[in-house]
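Student: Here's a structure for you.
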Ligand SMILES: *Cc1c(COP(=O)(O)O)cnc(C)c1O
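In the working numbering, the protein residues as written are 1 to 223.
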């Protein structure tokens, strides 16, 4: 497979985007989103040295997780999670990127056997099709989650609309970073808000320019 070349290109482009933004070259973690392929193909990508794996659906997450059990990989659930599936998966994930309602947080709190690192998903563009809290809803949600001792809010996650213009990307990513800074400054227990999960194959450079620390990349590995 030609995955080594794709892997090297993605990692070099991410490191360059970081240094272009006057940030350390290793300040951005690349999550390889393997949702387009089955475990046998994902295995070839893992051989190239990626260590952070992302899946957006619970069934596919579990399939990959069990296929690679025992390897030292970091597991990211990046897609929306139905409440009834929380118990099947939440204790296996290292990072959950799509915490998008207080009800979901309550279910995670109920099922968690250890603290779960979560990103609050925000919907800056207010796109109907996208999940996530609006900027206006965030403070109330955080207030409700203060009681949930098993939820650690490491940061914010956002997705720009498909085909967003350069100026729309700048607007969405900079607003997300501003919101993150405001929440981090609150210094709430278990809510460090140090991280930003934003940027995919088509827009990771812009996201990194605006402070992203985790990029979720699928297509660029499997093209
Ligand atoms: C599929 C997916 C990605 C990766 O997108 P690409 O454009 O293929 O890089 C990132 N985040 C989420 C939530 C996804 O579902």
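C-beta: ideal position from N, C-alpha, C; glycine also. Every value quoted in this text rests on a predicted model; they were computed, and no experiment measured them.
1) Would you say residue 33 touches ligand 1, meaning its beta carbon is less than 8 Å from a heavy atom?
2) Beta-carbon within less than 7 Å of residue 37's beta-carbon, same chain only, minus the 5 sequence neighbours each way: which residues are those?
3) Here's a check: name, in chain order, each residue in its chain whose Cβ is nearer than 8 Å to the Cβ of residue 71, leaving out the five neighbours to either side.
4) If you draw a straight line from the alpha carbon of residue 68 to that of residue 44, how long is it in whole angstroms?
5) With respect to 8 Å, is the separation between the Cβ of residue 211 and the closest non-hydrogen atom of ligand 1 below this value?
6) Following a CB-centred definition, is residue 51 positioned closer than 8 Å to any heavy atom of ligand 1?
7) Taking the alpha-carbon positions, what's the residue 53 to residue 124 distance?
8) Could you tell me if the beta carbon of residue 134 falls within a distance shorter than 8 Å of some heavy atom in ligand 1?
9) For residue 135 and residue 179, which I take to be in contact (beta-carbon distance under 8 Å), what is that distance rounded to the nearest angstrom?
10) Please tell me whether residue 21 and residue 204 are closer than 9 Å, where the distance is taken between their beta carbons.
11) Can you tell me the Cα-Cα spacing of residue 64 and residue 91, whole angstroms?
12) Would you kindly work out how many angstroms separate the C-alpha atoms of residue 5 and residue 207, rounded to a whole number?
13) Is residue 219 near ligand 1 - that is, is its Cβ less than 8 Å away from at least one heavy atom of it?
Tutor: Taking the coordinates as given:
1) Locating residue 33 in the chain shown gives position 33, counting from the first residue. Because some heavy atom of ligand 1 lies under 8 Å away, the Cβ of residue 33 counts as near it: yes.
2) The residue given as residue 37 occupies position 37 in the chain shown. These residues qualify, in order along the chain: 222.
3) Reading the chain shown from its first residue, position 71 is the one you call residue 71. Counting only Cβ-Cβ distances below 8 Å, and skipping sequence neighbours, we find 46.
4) The count along the chain shown starts at 1 and reaches residue 68 at position 68. The count along the chain shown starts at 1 and reaches residue 44 at position 44. Using only the alpha carbons, I get a separation of about 12 Å.
5) Here the question's residue 211 lines up with position 211 in the chain shown. For ligand 1, not one heavy atom lies less than 8 Å from the Cβ of residue 211.
6) For this step, residue 51 is matched to residue 51 along the chain shown. Not under cutoff, so the answer is no.
7) Residue mapping note: residue 53 aligns to position 53 of the chain shown, counting from 1. Residue mapping note: residue 124 aligns to position 124 of the chain shown, counting from 1. Rounded to whole angstroms, residue 53 to residue 124 spans 25 Å at the Cα level.
8) For the purposes of this step, residue 134 is taken as residue 134 along the chain shown, with counting starting at 1. False, no ligand heavy atom lies under 8 Å from that Cβ.
9) Translated into the one-based positions of the chain shown, residue 135 becomes position 135. Translated into the one-based positions of the chain shown, residue 179 becomes position 179. Residue 135 to residue 179, Cβ: 6 Å. Contact.
10) Here residue 21 corresponds to residue number 21 of the chain shown, with the count starting at 1. Here residue 204 corresponds to residue number 204 of the chain shown, with the count starting at 1. No, Cβ-Cβ distance for residue 21 and residue 204 is not below 9 Å.
11) Within the chain shown, residue 64 is the residue found at index 64, counting from 1. Within the chain shown, residue 91 is the residue found at index 91, counting from 1. Each residue's Cα considered, the two are about 15 Å apart.
12) Reading the chain shown from its first residue, position 5 is the one you call residue 5. Reading the chain shown from its first residue, position 207 is the one you call residue 207. Computed Cα separation, rounded: 23 Å.
13) Indexing the chain shown from 1 puts residue 219 at position 219. Checking the Cβ of residue 219 against ligand 1 gives yes.
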